[in-house]
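Accompanying notes for the structure given below.
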Amino acid sequence: MEGRLAPEVRAAGGAVLRAGPGREVDVLLVHRPGHRDWTLPKGKVEPGEEDEECALREVAEETGFDCLLGPELGASRYRDRRGRDKGVRYWAMTVRDGAFKPNDEVDEIRWTPLPVAGRQLSYPGDRAILAALAPSRERLVLLVRHAKAGDRDRWTGDDRLRPLELRGRRQADALVEPIAGYAPMRLVSSPYARCVQTLEPLAARLTTPVEADDALAEGASAESVRALVGRLGPGPLVLCTHGDVMEALVGEDAPRKKGATWLLARQDGAVRRVRYWPPLA
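Adding 10 to a residue's 1-based position in the sequence shown gives its number in this note's numbering.
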């Protein structure tokens, strides 16, 4: 980590987020009775396990929540109780499903507004991870390909009006909580009905309108999307578009199934790929 020798003990965890009142973000804190502390969920990497896999597994074991990985937030490094050099990598996460049940490791959780969460944490390393959340969220763009619509060849009307089918509506519903956890500032869609409908359940959850913009319509260029992102202001932003536009922006080598999401980060006027979420339903 950061050019230093690998730590003796590797661990990983997450800052789990959800949308609080208004545009507030809540972060999940866990109480460990064995340590008598409040911290972020985390645990040691098992042999043969990737750090990202460990982070998701440990969060699920400690909290009961099945989460999706977001951007990496950084790492903390310290001496553990046995004097070993321990390094912990953290990712932002949002909840896909699950519910908390007290267990041997964690007997209580708190969803705490991000601005005050640091004061409740027991360790400065955890507070540093939370400090990285604000700039990470501001750079975040969630690029969604519209969910599954009816067959283009069987649709006899204006293709711009072709709606989602039943599976597509399930895909749109499944996106709500994982994306809502980032408390997006704006929801912007291609004006095509299937794109607007993909964001409607999320808009209802956040009480935020869906804005239509031709820069996300079929045939739009990557340059038009980047220009749109530049004028929309700080994120998180959610953009819903079509397969050809997603390909132009993330590359023809990138997966891009209907109902899928690419997490992107803005950097120096460009956007870079961070993580791919396949369709969630």
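Where is the CB? At the ideal position from N, CA and C, for every residue including glycine.
- Distances from the alpha-carbon of LEU274 to those of TYR286, LYS268, LYS267 put TYR286 closest.
- The way I'd put it, the segment 121-131 does touch the segment 35-50; three or more beta-carbon pairs between them come closer than 8 Å.
- By the criterion of at least three beta-carbon pairs nearer than 8 Å, the segment 173-184 is in contact with the segment 249-269.
- Here the C-alpha atom of PRO244 lies approximately 20 Å from the C-alpha atom of PRO123.
- DSSP places LEU66 within a helical segment (H, G or I) once states are collapsed to three.
- Contact check for LEU242 against ARG196 passes: the beta carbons are separated by less than 8 Å.
- Per the Cβ contact rule, the segment 105-122 is not in contact with the segment 141-159 (fewer than 3 Cβ pairs under 8 Å).
- By the neighbour-count criterion, in which a residue is buried when 16 or more other Cβ atoms sit within 10 angstroms of its Cβ, ALA25 is buried.
- Under the DSSP assignment, THR251 falls in the beta strand (DSSP E) whose first and last residues are 247-251.
- In this structure, LEU212 sits away from LEU249, with a CB-CB distance that is not shorter than 8 Å.
- Following the DSSP letters along the chain, one finds SER86 inside the beta strand (DSSP E) bounded by residues 75-89.
- Three or more beta-carbon pairs separated by less than 8 Å are not found between the segment 163-174 and the segment 256-265, which leaves the two stretches without contact.
- Counting along the chain, the unbroken alpha helix (DSSP H) around GLU148 starts and ends at 143-149.
- Bridge pairing for ASP36: ARG28, PRO123 [DSSP].
- Under the three-state reduction of DSSP, MET103 is assigned to strand.
- Note on geometry: alpha-carbon atoms of GLY229 and VAL255 lie some 7 Å from one another.
- With a cutoff of 8 Å on beta-carbon distance, ALA190 and LEU216 are scored as near each other.
- By the 16-neighbour rule on beta-carbons within 10 angstroms, ASP136 is buried.
- Beta-bridge analysis with DSSP links THR49 to VAL40.
- Within the same chain, Cβ atoms closer than 8 Å to the Cβ of ASP61 are found at ARG20, ALA22, VAL55, ARG99, the five residues on either side in sequence being excluded.
- By the criterion of a C-beta distance shorter than 6 Å, GLU82 is surrounded in its chain by TRP101, once the five residues flanking it on both sides are discounted.
- Straight-line measurement puts the Cα of TYR192 at about 20 Å from the Cα of PHE110.
- Spanning the alpha carbons of ALA29 and PRO188 requires a straight line of approximately 10 Å.
- By the beta-carbon neighbour count (other beta carbons within 10 angstroms, threshold 16), GLN277 is exposed.
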